[in-house]
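Read in order, the letters of the sequence shown correspond to residues 1112 to 1524 in the working numbering. Virtual Cβ for every residue (Gly too), placed ideally from N, Cα, C. A quick write-up on the structure given underneath.
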Amino acid sequence: MQYRTCTERRDSGIEFLDQIPWGTHMCGFYEREQDHADLVTSFFEAGAAADEYCLWITDSLKPALQGVAAKYNVEVFSYREWYCFDESPRPESILKKWRRKISEVLEQGYAGLRLVHSRSSLFPADRAFNLMREALLDKLLNGTQALALCPYPLHECGLTDILDLSTSHSFTFFRGAAVNGDALKNINRCNLLRSATAEVVHEIRNPITAIRALMELFHSKPEFGAYSDLIGKVIAEVDRADQLACQFLSLAKTQTPNYEQGCNMITVIEAVQPLLEAIALKKKQVVQFCLDEVPDISCHPGELRQVILNLAHNAFDAMSQGGVLTLITENRYPDVILRVKDTGCGIPQEYIDKLSLPFFTTKNQGTGLGLPVTFRITEKYNGTVSIESSTQGTTVTISFPAVISQNGSKGPQ
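Here it is, written out as structure tokens:
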């Protein structure tokens, strides 16, 4: 029996998800039965093509899905049969049965197990058992060569139900005709982050703050002088963890603009200019500024600073020694334009559409949060982001609506 690394990525077959790692436990809410059929069909089709064993547990094999099992050689169990309701299944027996099934699949030479767990209804009849079963499945899948898709009919679930299910899955997405494309991307990107991350991250930042304060205290004590370098490294890593937590919070916050005053883009750029020049010097690169006077915009200056730094850090990372980063501002009333241009190796075309997705990264040490935060802040203030890339470099263009002055002036404010 050959075990593969559980970080190996597999084709999900679902167009907006692309590849996912082993152990992924997905919850998908659908509006129409056709959405359900499309999800199941594409998921199993990808599994069959990747030599994975396909298993389907369902309480109702709909007419639209009857041909799927035969076409992709899917083993089908009824919900009652698999969970042995006549025997009052206990959590430990359910886990044991799942583990045995995964072992059998691997012993037979399959790459892994691909599971669809379909229910035509969820609440309120067996709510407690369903939530317990999902939590067990999530625990089981972690670190195993298995994938699970759990589709649920959206009309059967209230907000509380959706949140409860989201907490027991790797992530949650929505599929349906009533949601337009842009809104669907937004929901799929942020629904779980918005519902839970903010509270969790706030709790995480409390001990981070305490650790940093303690390290600063040690740093100031002469008796700890021999450990100065080590303490400095701890502080740097704590700061990195806090920065990551802040990025999570930026994704989790609602998109309501929270700044009504004017903010001048050039003022913010000039404030971060010394930092960018220091980074460029350290990396033996060049940063230059071509700043035309521009009107104010309504973006919060702290968030605009975050956008600029995120884009600049990405540009620095993409360039080798001698690379040139250029920040350009333009007054294209009624819009204010910021261009961040680098001379790096460029971004492959197939990656560009994925750059707004959280956790998508091409860097070995990347978090995949910088650009999603940039997209989110820009969208919050009714701005736009466009990316042009070639082997000669990348240009990211940010456009914000200008603030109209009280006298109606269109010039710089």
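Which whole-angstrom value is the C-beta distance of residue 1151 and residue 1227, which I expect to be below 8 Å? 5 Å
In whole angstroms, give me the CA-to-CA distance for residue 1129 and residue 1121. Spanning the two alpha carbons is a distance of roughly 8 Å.
Please report the residue range of the beta strand (DSSP E) in which residue 1447 lies. 1446–1452 is the extent of the beta strand (DSSP E) around residue 1447.
Min CB distance residue 1387 to chain C below 9 Å: Protein chain content of the structure displayed is limited to a single chain, and chain C is not contained in it.
Name the residue from 1345, 1332 and 1181 whose alpha carbon lies nearest to the alpha carbon of residue 1320. 1345
Note the first and the last residue of the continuous alpha helix (DSSP H) segment covering residue 1428. 1412–1429
Between the alpha carbons of residue 1335 and residue 1329, how many angstroms are there, rounded? 6 Å
Measuring CB to CB, does residue 1440 end up less than 9 Å from residue 1453? no
For a test of the three-state rule: what should DSSP assign to residue 1504, helix, strand or coil? strand
Residue 1484 and residue 1418: beta carbons closer than 9 Å? yes
Per DSSP, residue 1122 is paired with what? 1130
What residue does the beta strand (DSSP E) around residue 1189 start on, and which one ends it? 1186–1189 is the extent of the beta strand (DSSP E) around residue 1189.
Find out if the Cβ-Cβ distance for the pair residue 1185, residue 1167 is shorter than 9 Å. Their beta carbons are under 9 Å apart, which means residue 1185 touches residue 1167 by this criterion.
Residue environment, residue 1124, which counts as buried when at least 16 other CB atoms sit within 10 Å: buried
By the three-class DSSP mapping on this structure, what secondary structure does residue 1218 have? helix
If I measure Cβ to Cβ from residue 1349 and keep anything under 8 Å in the same chain, skipping five residues before and after, which residues do I get? 1319, 1322, 1323 and 1326
Looking at the unbroken alpha helix (DSSP H) that takes in residue 1158, where does it start and where does it end? 1144–1160
Among 1411, 1191, 1493 and 1395, which has the Cα closest to the Cα of residue 1445? 1493
Cα-Cα separation, residue 1387 to residue 1432: Taken atom to atom, the span from the alpha-carbon of residue 1387 to that of residue 1432 is near 15 Å.
Below 9 Å between beta carbons: does that hold for residue 1264 and residue 1141? Contact flag set, yes.
Short Cβ contact (9 Å threshold) for residue 1252 with residue 1134: Taking C-beta atoms as the reference points, residue 1252 and residue 1134 count as a pair closer than 9 Å.
I'd like the span of the beta strand (DSSP E) that includes residue 1406, first residue to last. Segment: none, residue 1406 is in no beta strand (DSSP E) and carries neither H nor E.
Helix, strand or coil for residue 1512 per DSSP? strand
Beta-carbon proximity list for residue 1281, same chain, < 7 Å, skipping 5 on both sides: 1135, 1136 and 1137
Could you have a look at residue 1320 and say whether DSSP puts it in helix, strand or coil? helix
Given a cut-off of 9 Å, decide if residue 1426 and residue 1383 are closer than it, judged by their beta-carbon atoms. no
With the cut-off set at 9 Å, would you say residue 1103 and residue 1126 are in Cβ contact? Within the shown structure, residues of the chain are numbered from 1112 to 1524, placing residue 1103 beyond reach of any answer.
Check for me: the beta strand (DSSP E) holding residue 1259 runs from which residue to which? 1257–1264
May I ask you to report which of helix, strand or coil DSSP gives residue 1488? helix
Comparing C-alpha positions only, which one of 1420, 1486, 1501 and 1461 sits nearest to residue 1455? If we check each option's Cα against that of residue 1455, 1501 comes out closest.
Which residues in the same chain have their Cβ closer than 8 Å to the Cβ of residue 1339, if we skip the five residues on either side of it in sequence? 1330
I'd like the span of the beta strand (DSSP E) that includes residue 1378, first residue to last. No beta strand (DSSP E) holds residue 1378; the alpha helix (DSSP H) holding it covers 1376–1394.
So who's on the other strand from residue 1169, going by DSSP bridges? 1189 and 1229
Using C-beta distances below 6 Å, list every residue in its chain close to residue 1257, excluding the 5 sequence neighbours before and after it, in chain order. 1213, 1223 and 1224
What residue range is occupied by the uninterrupted beta strand (DSSP E) comprising residue 1442? 1435–1443
Cα-Cα separation, residue 1385 to residue 1206: Between the C-alpha atoms of residue 1385 and residue 1206 there is a straight-line separation of about 57 Å.
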